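Colleague:
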Amino acid sequence: MGHTVLVCDDAIFMRTMITDILTQAGYEVVGEAESGAQAVERYRALKPDLVTMDIVMPDMGGIEAVREICKVNPEAKILMCSAMGQQALVVEAIQAGAKDFVVKPFQPSRVLEAVQRLLG
Amino acid sequence: MDLARYTALFLSDSRDHLQRCNELLLAWERSPGSSTPVGEIFRAFHSIKGSSAALGLDPVAELAHAAEQLLEAIRDGNQSAGREVLDALFLAVDGLEEGVEAVGRGDAPRAAPALIETLRALAPVMPSRTAEMPVTERRLTERPSGANASADGSGRHVRVDLLRLDALVQGIGELMVARNRLAALADGEIGSELEQVSSRISGLVSTLQSGVLRARMAPVAEVFQRFPRMIRDLGRDLGKEIRLDLSGGDIELDRSVLDALGDPLTHLLRNAADHGLEPPADRARAGKPREGVIRLRAERARDEVTVTVADDGRGIDRAAVRQHAVDRGLLEAESAMPDAAGLLRLLSQPGFTMKRDVSRVSGRGVGVDAVVARIRALGGRMELKTVPGRGTTFLLHLPVTRAIVRALLVQVGDERYAIPFGVLAEAGVHEASKGEVTLRGVPVPTADLRDALWLGGGRSGRRPVVVVNVGDHRAALMVDSLLGQQDVVVEQFAAPAGLPTWVGGATILPDGTPALILDPAALF
């Protein structure tokens, strides 16, 4: 059975792109979230194997969402998706509990590599 | 990856974001002290940066990045939102819009090094400090209507390509033609099973038709929302203080009407700002507030939507327009001062431009003919009200849809013609003498369709007459016979050159023959 993924990004463009990449590789995208708050709520509800998380989102940013999700499940596998020039934030996200990151604009192969590594 | 699909997403997303940016920047500019929308604008730029970079549209991504950094500087207190900064942000939105629209046309977006330099110069960058936007930022309570509304969860929406809806309307149009033919067959067999099935199908098709037409409706806000920015820029260019009041943005119109409405409204608003409103000093001298007001309003009335463009400026100088018309041989030198309808008729004469010579005095007149022509082409009509020193109001009466209209079928010569119910006042047989019809004792402007069609032989005596509303007035159309009512599907067609202006479209009748749809207003 394919692993389940929750895709969090406020841009529908990015959600579509990540969902396509993952679906084509056989993963099951079980949900999407367009804000940090939604990400936490959907994580609780869906218990996905992996979360991809944007950093800049309305309502609650990605880093805050990582913290909240890690309170629910310290073992949560979260892959940060950051834009160029957010290195400092990526470090903060990793400290908050994210397990890896990819930088936008990303290559599909780079995303899949990171996902595979996380899901072992 | 499916490039076309991503590009389409990029386009619709970015357009929404940029529109929202314009709204937020305008609100910000009006009340600089309020809780600033830095976070939301930042995210919009950020989102455009991300998707454009993913598509390899580097010029767009770079510009978005530079704009994003300026907002960061503001948020971090390294820059304040002064006039220079807001102007730069407006320019950034424009630049991004250009880039996005270039992509929409299939062109490569152009780099904007000068603009990026401007943005950079305003943003003292501290490269190590790129931080997340504050997470507690308050959301603005007012949401843009339309596409973004779904983000609230207040309604679930699907984006549908208009071409698909057009195909549906086309299909339903053909279904209606078939239904009408079936009804014609069943007519001879009252009470039969065929007649029962036929009437059941009629009901179902009508339901289906109104459902599809509803799906094509969109709020006029989609057109209105671009104007606050335009008026702001115009005000600056013209050195005038202008407030634009919008209302009725939630009123819905058929997509095709809506799409064709942007240009005429732009035209009228520009005229109002440029020629209608006086410079602040003149207004002050006349005892008016320095700030001129332009109102743009949409209202629904029966099966019409009325869009009003009103300014509180100087009003149209009737005498100047009249003189201009006399000079051009459109009016007799001794003719009376035109009333509002007459004024509009003069202004809508093709090429009746008062640009150089009279526009300063007249206050108006630039290209109103083009606007009238467009509104007529949409199956609508225009009305004008103007009071010297008080202002000018244009009313645009528009059909809610132009895909399917209920029409009265008439016969003239060997041909049948459809007259839309929207303009219809009454129909009946009336006495005509000397080419004029008298309605309840009052003679009304009359046109004989036989003359209009060069058939000749317009007969006097009792004639079938269709009475139509033309502006504030009634007018009579003499025909050969009245055939009955029919829902007709308006076929969009490029009018062949030389076709009279009173032909508003074409349709296919139940028996499969084509008929022209009349626009009676153009006959008077």
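Each protein sequence line maps, in turn, to chains A and Y.
Per this note's numbering, the first sequence starts with residue 32, numbered consecutively.
Per this note's numbering, the second sequence starts with residue 48, numbered consecutively.
Here a beta-carbon is modelled for each residue, glycine too, at the ideal position from N, C-alpha and C.
What you are looking at is a predicted structure, and each value in this text was computed from that prediction instead of being measured.
1. When the cut-off is 9 Å and only beta carbons count, does T47 of chain A lie next to chain Y?
2. With a cut-off of 9 Å, does the C-beta of H93 of chain Y fall near any C-beta of chain A?
3. So is P118 of chain Y in contact with chain A if we call contact Cβ pairs under 9 Å?
4. Closer than 8 Å between beta carbons: that is the criterion. Which residues of the region 315-349 of chain Y meet it against chain A?
5. Can you check which of these residues, Y:M264, Y:V491 and Y:T313, is closest to D301 of chain Y by C-alpha distance?
6. Taking all protein chains shown into account, decide if W75 of chain Y is buried (16 or more other Cβ within 10 angstroms of its Cβ) or exposed.
7. Quick check on W549 of chain Y: buried or exposed, where buried means 16 or more other Cβ atoms within 10 Å of its Cβ?
8. So which of Y:T448, Y:D386, Y:F399 and Y:R453 has the shortest CA-CA distance to P435 of chain Y?
9. Quick one: what does DSSP say Y464 of chain Y is sitting in, helix, strand or coil?
10. Comparing the C-beta of R90 of chain Y with each C-beta of chain A, is any distance below 9 Å?
11. Per the DSSP calculation, I289 of chain Y is bridged to which residue(s)?
12. Could you name the residues of chain A that L56 of chain Y contacts, counting a contact when the two beta carbons are closer than 7 Å?
13. For E242 of chain Y, report the span of its alpha helix (DSSP H) as first-last.
14. Here's the rule I'm using: 16 or more other beta-carbon atoms within 10 Å means buried, otherwise exposed. How should A454 of chain Y be labelled?
15. Assign P561 of chain Y to one of two classes, buried (16 or more other C-beta atoms within 10 Å of its C-beta) or exposed (fewer than that).
16. Between the region 481-500 of chain Y and chain A, which residues of the former have CB atoms less than 9 Å from a CB of the latter, in chain order?
17. Using a Cβ-Cβ cut-off of less than 7 Å, list which residues of the region 94-105 of chain Y approach chain A; keep chain order.
18. Could you compute how far the alpha carbon of L431 of chain Y sits from the alpha carbon of L281 of chain Y?
19. Below 8 Å on C-beta distance, what does D60 of chain Y contact in chain A?
20. Mind checking A380 of chain Y: buried by the 16 CB within 10 Å criterion, or exposed?
21. Does the CB of A145 of chain A have a neighbour CB from chain B at under 9 Å?
22. Please classify D461 of chain Y as buried or exposed, where buried requires at least 16 other C-beta atoms within 10 Å of its C-beta.
23. Let's see if you can read the secondary structure: which residues bound the beta strand (DSSP E) around N104 of chain A?
24. Taking only the alpha-carbon atoms, compute the straight-line gap between V304 of chain Y and A367 of chain Y and give it to the nearest angstrom.
25. Residues in its own chain within less than 7 Å of I248 of chain Y by CB, not counting five upstream and five downstream?
26. In terms of alpha-carbon separation, which member of A:D41, A:A56 and A:D80 lies closest to E65 of chain A?
27. Given a threshold of 16 other Cβ atoms within 10 Å of its Cβ, counted over all protein chains shown, does R510 of chain Y qualify as buried or as exposed?
28. Which residues share a DSSP beta bridge with K432 of chain Y?
29. Could you check what DSSP says for E76 of chain Y in three-state terms: helix, strand or coil?
30. List the residues of chain Y whose Cβ lies closer than 9 Å to the Cβ of P136 of chain A, in chain order.
31. Do E70 of chain Y and Q272 of chain Y come within 9 Å of each other at the CB atom, strictly closer than that value?
32. Quick check: is the beta carbon of A114 of chain A nearer than 9 Å to any beta carbon in chain Y?
33. Short check: CB of A357 of chain Y to CB of G339 of chain Y, under 9 Å?
34. What is the DSSP secondary structure of T560 of chain Y, counted as helix, strand or coil?
35. Taking the straight line between their C-alpha atoms, what separation do you get for G129 of chain Y and L166 of chain Y?
36. R130 of chain Y CB to nearest chain A CB: under 9 Å?
Modeller: Let me lay it out:
1. Counting from one through the first sequence, the residue named residue 47 of chain A turns up at place 16. So yes, T47 of chain A belongs to the interface.
2. The residue labelled residue 93 of chain Y in the question sits at position 46 within the second sequence. It does: the Cβ of H93 of chain Y has a partner Cβ on chain A nearer than 9 Å.
3. The residue you call residue 118 of chain Y lines up with position 71 of the second sequence. As written in the sequence, residue 118 of chain Y is Leu, which differs from the Pro given in the question. Judged by the 9 Å Cβ criterion, L118 of chain Y is not in contact with chain A.
4. none
5. Here residue 301 of chain Y refers to the residue found at position 254 of the second sequence. With distances taken between Cα atoms, D301 of chain Y lies closest to Y:M264.
6. Looking up residue 75 of chain Y in the second sequence gives position 28. Classification of W75 of chain Y: buried, given that the 10 Å Cβ count is 16 or more.
7. Taking the first residue of the second sequence as 1, we reach residue 549 of chain Y at position 502. Result: buried.
8. Locating residue 435 of chain Y in the second sequence gives position 388, counting from the first residue. Checked all of Y:T448, Y:D386, Y:F399 and Y:R453; the closest Cα to P435 of chain Y is Y:D386.
9. Counting from 1 along the second sequence, the entry for residue 464 of chain Y is found at position 417. Y464 of chain Y: strand per DSSP, three-state reduction.
10. On the second sequence, residue 90 of chain Y is found 43 positions in, with the first residue counted as 1. So yes, R90 of chain Y belongs to the interface.
11. For the purposes of this step, residue 289 of chain Y is taken as the residue at position 242 of the second sequence. In the DSSP output, where bridge partners are listed per residue, I289 of chain Y has Y:G339.
12. Along the second sequence, one-based indexing puts residue 56 of chain Y at 9. Within 7 Å Cβ-Cβ: I43, F44 and T47.
13. By 1-based counting over the second sequence, the position of residue 242 of chain Y is 195. Run containing E242 of chain Y: E240 to A262, per the alpha helix (DSSP H) assignment.
14. Within the second sequence, residue 454 of chain Y is the residue found at index 407, counting from 1. A454 of chain Y should be labelled buried.
15. Your numbering for residue 561 of chain Y matches position 514 in the second sequence. Exposed, because fewer than 16 other Cβ atoms sit within 10 Å of the Cβ of P561 of chain Y.
16. none
17. S94, K96, G97, S98, A100 and A101
18. Taking the second sequence and counting its residues from 1, one reaches residue 431 of chain Y at position 384. Taking the second sequence and counting its residues from 1, one reaches residue 281 of chain Y at position 234. If you take the alpha carbons of L431 of chain Y and L281 of chain Y, they lie about 23 Å apart.
19. Indexing the second sequence from 1 puts residue 60 of chain Y at position 13. Here the neighbours are A42, I43 and F44.
20. Position 333 of the second sequence, counted from the start, is the residue given in the question as residue 380 of chain Y. Classification for A380 of chain Y: exposed.
21. The structure shown contains no chain B; the protein chains it does contain are A and Y.
22. Counting from 1 along the second sequence, the entry for residue 461 of chain Y is found at position 414. So D461 of chain Y ends up on the exposed side.
23. Translated into positions along the first sequence, residue 104 of chain A becomes position 73. No beta strand (DSSP E) holds N104 of chain A; DSSP gives it neither H nor E.
24. Counting from 1 along the second sequence, the entry for residue 304 of chain Y is found at position 257. Counting from 1 along the second sequence, the entry for residue 367 of chain Y is found at position 320. One C-alpha to the other measures close to 34 Å.
25. Working through the second sequence from its first residue, we reach residue 248 of chain Y at position 201. If we look at I248 of chain Y and ignore the five residues flanking it on each side, its Cβ neighbours are R226 and L229.
26. As a first step, residue 65 of chain A is located in the first sequence; it is residue number 34 there, counting from the start. Among A:D41, A:A56 and A:D80, the Cα nearest to that of E65 of chain A belongs to A:D41.
27. Taking the second sequence and counting its residues from 1, the one referred to as residue 510 of chain Y is at position 463. R510 of chain Y should be labelled buried.
28. Residue numbering aside, residue 432 of chain Y sits at position 385 when the second sequence is read from its first letter. BP columns for K432 of chain Y point to Y:T440.
29. For this step, residue 76 of chain Y is matched to residue 29 along the second sequence. If DSSP states are grouped into helix, strand and coil, E76 of chain Y belongs with the helices.
30. Here the question's residue 136 of chain A lines up with position 105 in the first sequence. Under the 9 Å cutoff, chain Y gives G97, S98, S99, A100, A101, L102, G103 and A108.
31. The residue labelled residue 272 of chain Y in the question sits at position 225 within the second sequence. The residue labelled residue 70 of chain Y in the question sits at position 23 within the second sequence. Contact: yes.
32. If you number the first sequence from 1, residue 114 of chain A lands on position 83. With 9 Å as the cut-off, A114 of chain A counts as an interface residue toward chain Y.
33. In the second sequence, the residue the question calls residue 357 of chain Y occupies position 310. In the second sequence, the residue the question calls residue 339 of chain Y occupies position 292. No, the pair does not count as a contact, with Cβ atoms beyond the cut-off.
34. Counted from its first residue, the second sequence places residue 560 of chain Y at position 513. Here T560 of chain Y sits in coil by DSSP.
35. Counting from 1 along the second sequence, the entry for residue 129 of chain Y is found at position 82. Counting from 1 along the second sequence, the entry for residue 166 of chain Y is found at position 119. Spanning the two alpha carbons is a distance of roughly 13 Å.
36. Position 83 of the second sequence, counted from the start, is the residue given in the question as residue 130 of chain Y. Not closer than 9 Å to any Cβ of chain A, the Cβ of R130 of chain Y fails to qualify, so no.
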